[in-house]
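Numbering (this note's numbering), first residue to last: 2 to 420.
Here it is as structure tokens:
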């Protein structure tokens with residue numbers, strides 16, 4: 002079996018149910034199902050306010066599982082706190098602890114595979130996707146290009162920017178400043194200074210082995226929300242030669258905060274797979290950077306929502322599992338084979354096209370205008386025939402929606418890409 006560790010980061014309220022059981026009547030979630038179907042070393046990190054806030058691992062670090070369940074690594078909730086309070090949902094409480102435990106898990110796995118090449122495959126949804134970005138920034142912060150304007154959430158309130166505060170005041174270099182801020186954050190959220198320092202040591206151990214690491218990342222609908230959601234650590238996707246593949250599935254309407262604090266992908270080499278996409282995917286064999294649009298509301302790509310979004314969930318989960326599988330994650334055959342069936346995919350795409358072909362993304366589709374994704378983060382010129390922008394850069398849905406054609410082309414081309 003290849004040296005692959007797979008991590009799943011759930012979005013807000015996403016995890017196991019209250020009985021720690023996978024009952025698909027109560028747990029309708031693509032990441033939970035993929036975690037259950039994954040063979041080998043793996044971790045599941047629940048989202049803020051999940052019914053079960055425990056962080057699970059199996060297949061490494063001595064965790065072999067018991068009674069059919071993986072072992073508890075930790076919790077994204079501080080002892081004595083409640084994961085289910087309203088503020089936990091709104092503010093995303095728990096993601097700093099999630100990053101700490103995930104980094105510890107990666108280090109544990111690397112210690113077991115000392116001197117060997119290792120692949121880290123990652124999938125996240127919503128705030129779980131933002132948690133992934135936070136973790137990646139922590140790992141790659143020493144090589145970030147835009148260090149001067151980089152910002153991190155301040156432990157009490159607001160954010161702190163390297164250039165404007167810490168360097169001039171404390172004469173710190175960027176890495177020293179970053180470690181100082183992480184120590185403050187983790188001391189607060191983990192409870193102890195020595196635990197915070199252990200987290201920084203975990204990062205240093207991972208960075209020391211970057212030449213032997215490769216990362217492949219799938220993100221459903223990254224959404225930062227309030228509580229420092231706009232800081233660089235949560236919104237600026239890092240870039241490094243060790244990050245081989247990144248695919249971001251973006252639902253095109255609906256949900257709180259979806260028009261605000263979207264991750265910055267501009268000028269980072271990402272290709273938006275629009276309806277008229279003509280790029281040759283062979284160009285991206287070794288270094289993919291894709292944004293894949295899909296019509297529907299936030300969460301449709303990971304849950305069937307009592308059958309209303311079964312098509313979007315099947316497509317989203319198929320793409321996620323396919324990326325992870327092509328990158329080395331091993332799945333139970335029965336689980337993987339039920340996904341990415343070409344006939345089912347084409348049937349679902351055709352039905353979605355018929356449903357959405359005359360609807361524009363955003364308000365016309367019953368949700369918030371996704372102008373940041375379509376206008377601010379990318380420069381298309383006339384490439385998106387289904388979008389028209391007013392003078393303020395907002396989408397006015399006056400043209401037919403044709404982005405699904407891009408999905409058809411992507412589905413056909415990406416299979417050739419790996420053949």
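Positions of the beta carbon are idealized from the N, C-alpha and C atoms, including for glycine.
Contact under 8 Å by Cβ, residue i with residue j
i: residue 41; j: residue 56; result: no
i: residue 130; j: residue 10; result: yes
i: residue 184; j: residue 198; result: yes
i: residue 95; j: residue 52; result: no
i: residue 1; j: residue 252; result: The requested residue 1 is not part of the displayed model; the chain covers only 2 to 420.
i: residue 425; j: residue 132; result: Residue coverage of the chain in this structure runs from 2 to 420, which leaves residue 425 outside it and unanswerable.
i: residue 103; j: residue 303; result: no
i: residue 142; j: residue 99; result: no
i: residue 6; j: residue 153; result: no
i: residue 77; j: residue 123; result: no
i: residue 13; j: residue 118; result: no
i: residue 97; j: residue 186; result: yes
i: residue 16; j: residue 54; result: yes
i: residue 315; j: residue 291; result: no
i: residue 58; j: residue 43; result: yes
i: residue 101; j: residue 200; result: yes
i: residue 62; j: residue 109; result: yes
i: residue 293; j: residue 223; result: no
i: residue 29; j: residue 298; result: no
i: residue 241; j: residue 322; result: no
Range of the contiguous alpha helix (DSSP H) that encloses residue i
i: residue 185; result: 175-191
i: residue 130; result: 128-141
i: residue 315; result: 311-327
i: residue 154; result: Premise fails: residue 154 lies in the beta strand (DSSP E), 152-154, not in any alpha helix (DSSP H).
i: residue 233; result: 233-236
i: residue 113; result: 96-113
i: residue 194; result: 194-208
i: residue 337; result: 334-338
i: residue 33; result: 31-38
Whole-number beta carbon distance between residue j and residue i, since they are thought to touch under 8 Å
i: residue 125; j: residue 332; result: About 18 Å; that fails the 8 Å criterion.
i: residue 324; j: residue 248; result: 6 Å
i: residue 218; j: residue 244; result: 7 Å
i: residue 1; j: residue 320; result: One cannot answer for residue 1 here, as it falls past the ends of the chain, which runs 2 to 420.
i: residue 232; j: residue 160; result: 5 Å
Element boundaries [beta strand (DSSP E), containing residue i]
i: residue 214; result: 214-221
i: residue 290; result: 289-298
i: residue 5; result: 5-10
i: residue 45; result: 43-46
i: residue 162; result: 160-162
i: residue 75; result: 72-76
i: residue 55; result: 55-59
Near the ligand ZN: residue i beta-carbon under 7 Å from a heavy atom
i: residue 74; result: Among the ligands in the structure shown, none appear at all, so the ligand ZN cannot be discussed.
### Query
On the three-pair Cβ rule with 8 Å, is the stretch 134-142 touching the stretch 336-355?
Not touching, per the Cβ criterion.
### Query
Are three or more beta carbon pairs between the stretch 310-317 and the stretch 113-123 nearer than 8 Å?
Between the stretch 310-317 and the stretch 113-123 there are fewer than three C-beta pairs closer than 8 Å, too few to call the two in contact.
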